[in-house]
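Everything on this sheet refers to the single structure shown next.
Numbering (the UniProt record's numbering), first residue to last: 1 to 310.
Okay, here's the thing in structure tokens:
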């Protein structure tokens, strides 16, 4: 697929990963239609991109609402060839896991696919959904050094077990949303022409595309590092481990997922390497003198050596 005059729809365009994706798309010559939750956010994004004529925005206030994407696709669907569904709820300060995490993730995915089916079935050729390693493995499995995932792997947690806590619920939301997408494609083969791919990154670290975006907070993965930076010298921390990937590589993978025909129908697991909290703390104490003696130390040198080779 060539970039010339190809229009790509990006849901959740104001988010951490999506901003990098929008930037890469524009640099590659694509036309981009993004969605954001309000006109204010959308106008802010357009301003950040210097009102690039190849970028426009549509308001989708709540992806969990019935027919959330209908208006956008009824209006713009005939121009769209590629859909990148990046929007998904990230909410950890909640106890209503169903209504704040599980249901919105599934509804948002089903809603955008239904909108394509109703208003852009003849034009949309590729759909890429931003899933997660969390769809492949439960949080407890990600800390298991011997755990193996492949294209058939799914998070073992059930809808019921996802009521345990916010982290389990968030991970479950990625699983159920991705499964809903694959089920939709299977059940609607005769009514759609697009192929589906999913992006399943590990923990996503890296820079904000725009530094002034930091006033809105940082992404959930980077918050793990921030929490360690803000720890107390006498404090304790949970020594979590898992796969990680740079946000700039995640962005490039979104483009590859629809540009490379070999990616059609595939789940793309993105992992640069593994990290653990103890090794991050070791690096912070060793490489940042201003933090040494002020943050937690744990048990220095007791990590498995993930970061030593880097």
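Ideal placement from N, C-alpha and C gives every residue a C-beta, glycine not left out.
Endpoints, the alpha helix (DSSP H) within which residue i is located
i, result
"residue 9", "No alpha helix (DSSP H) contains residue 9, which is instead part of the beta strand (DSSP E) from 7–11."
"residue 141", "139–142"
"residue 16", "16–27"
"residue 229", "220–229"
"residue 104", "103–119"
"residue 73", "70–76"
"residue 98", "Looking at the DSSP string, residue 98 is not in any alpha helix (DSSP H), and its letter there is neither H nor E."
"residue 79", "Careful: residue 79 lies outside any alpha helix (DSSP H) and carries neither H nor E."
"residue 42", "39–48"
Rounded distance between the beta-carbons of residue j and residue i, thought under 8 Å
i, j, result
"residue 124", "residue 116", "5 Å"
"residue 11", "residue 38", "14 Å between Cβ atoms; not a contact."
"residue 178", "residue 129", "6 Å"
"residue 159", "residue 102", "7 Å"
"residue 150", "residue 137", "Rounded, the Cβ-Cβ distance is 11 Å, inconsistent with contact."
"residue 209", "residue 23", "6 Å"
"residue 221", "residue 203", "4 Å"
Residue closest to residue i, alpha-carbon to alpha-carbon, out of the options
i, options, result
"residue 126", "274, 19 and 7", "7"
"residue 64", "88, 174, 73 and 33", "88"
"residue 261", "168, 169, 302 and 194", "194"
"residue 19", "250, 192 and 160", "250"
"residue 252", "41, 14 and 27", "27"
"residue 120", "296, 152 and 76", "76"
"residue 97", "164, 175 and 286", "164"
"residue 230", "274, 275, 297 and 240", "297"
"residue 302", "259, 240, 264 and 293", "240"
beta-carbon residue i near the ligand ZN non-hydrogen atom, thresh 7 Å
i, result
"residue 28", "Although the ligand ZN was asked about, the structure shown includes no ligands whatsoever."
Per-residue DSSP class, three states only, for residue i
i, result
"residue 192", "coil"
"residue 59", "strand"
"residue 211", "helix"
"residue 148", "coil"
"residue 197", "strand"
Residue range of the unbroken beta strand (DSSP E) whose run includes residue i
i, result
"residue 83", "82–85"
"residue 173", "No beta strand (DSSP E) contains residue 173, which is instead part of the alpha helix (DSSP H) from 166–187."
"residue 31", "31–36"
"residue 122", "Residue 122 -> no beta strand (DSSP E), and no H or E assigned at all."
"residue 244", "241–246"
"residue 90", "No beta strand (DSSP E) contains residue 90, which DSSP labels as neither H nor E."
"residue 204", "203–205"
Run through the stretch 255–280 for me and flag every whole beta strand (DSSP E) of 3 or more residues, listed as ranges in chain order.
Complete beta strand (DSSP E) runs here, min 3: 267–270 and 273–276.
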